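Trainee:
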Amino acid sequence: MAYHLRMTTPTPSLAERKRQLVVDELTEAALRVLAAKGFDATTVDEMVAAAGVSRRTYFRYFASKEDVVVRLLADLGAVMRAELQRRPPDEPAGAALRHAVAAAVADWAGQPDRALRVVRMVLHTPALHASFLQREAQWRDDLAALLISRTPGRGDLYPQLAAGIALTVFHAVLQRWCDSNGTADPMALLDRAFVQVAPAL
């Protein structure tokens, strides 16, 4: 089953499109170097050389070396929140969470080569993995806040617990997909995982 965000977004201005193009080119160049040398062994100078820009240009768009990867992680949290917000209000919380996680999985699975590079770096680099876990904690709080109105009568702990279970599924799917070198079907993994946690949701 395919999952797509069906949201109306404003058309970006020419300046915004140009900025996004530069960010995308810098990100791709940085990811190539990071994947080849490893996160810890790569310097910002090597990334800007690969992108053909100056350090000043790089730091106009990214705050640090880590920021190239962390921004990609932040985007996934935004996808989950947006999808959960647009789910029908009478949809069961477990089903709504499944759609939210599936939207994020579909987002990175649509660019498997890039996604595999990023996921490997995140899961195998302690500094990035720690940052990823911090992001997941924030996503859990954001998703839990959206669940409160959907789950009256289920107790004040349920939203936080349900959001945590959904993100555990997300993390497990990332790990298994990475371990398979990108050959496993992430949506099939997601389906299997949610079947197993369904009783808790």
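Just so we're aligned, residue 1 is where the sequence shown starts under UniProt numbering, counting upward by one. By construction, the Cβ of each residue, glycine as well, lies at the ideal position given by its N, Cα and C atoms. Source: prediction; values computed, not measured.
1. Under the rule that 16 or more other beta-carbon atoms within 10 Å means buried, what is M7, buried or exposed?
2. How many Å lie between residue 251 and T27 at the Cα?
3. Among E25, P88 and R114, which residue has its Cα nearest to the Cα of F62?
4. Just to confirm, are A93 and L147 a CB contact at a threshold of 8 Å?
5. Within a Cβ cutoff of 6 Å, which residues of the same chain sit near T107, ignoring the five residues on either side of it in sequence?
6. Kindly indicate which three-state DSSP category A115 falls into: helix, strand or coil?
7. Out of A200, P199, D185 and Q196, point me to the one whose CA is closest to G110's CA.
8. Nearest CA to the CA of A49: which residue from V33, K37 and S64?
9. Determine the DSSP secondary structure at S149, reduced to helix, strand or coil.
10. Helix, strand or coil: which one does DSSP assign to A96?
11. Using only CA atoms, which one of A51, A166, A144 and G38 lies nearest to L123?
12. Does DSSP put F62 in a helix, a strand or coil?
Mentor: Taking the definition as stated:
1. Against the sequence shown, residue 7 aligns to sequence position 7. Below a pLDDT of 50, predicted positions are generally treated as unreliable, and M7, at 43, falls in that range; the measurement from the model is reported next regardless. Label assigned to M7: exposed.
2. The structure shown does not extend to residue 251, since the chain spans only 1 to 201, so no value can be given for it.
3. As a working mapping, residue 62 is identified with position 62 in the sequence shown. Residue E25 is the option with its Cα nearest to F62.
4. In the sequence shown, the residue the question calls residue 93 occupies position 93. In the sequence shown, the residue the question calls residue 147 occupies position 147. Against a cut-off of 8 Å, the Cβ pair of L147 and A93 comes out as a contact.
5. Mapped onto the sequence shown, residue 107 falls at position 107. The residue you asked about is not Thr; residue 107 is Asp in the sequence shown. Correct list, in chain order: V79.
6. Position 115 of the sequence shown, counted from the start, is the residue given in the question as residue 115. Helix, per DSSP.
7. Walking along the sequence shown from the start, residue 110 turns up at place 110. Cα-wise, what sits closest to G110 is D185.
8. Sequence index remark: in the sequence shown, residue 49 carries index 49 (1-based). When each option's Cα is compared against that of A49, the closest is V33.
9. In the sequence shown, counting from the first residue as 1, residue 149 sits at position 149. Note: S149 maps to helix in three-state DSSP.
10. Within the sequence shown, numbered from 1, the residue matching residue 96 stands at position 96. Helix.
11. Counting from one through the sequence shown, the residue named residue 123 turns up at place 123. If we check each option's Cα against that of L123, G38 comes out closest.
12. Within the sequence shown, residue 62 is the residue found at index 62, counting from 1. Of the three classes helix, strand and coil, the one that applies to F62 here is coil, per DSSP.
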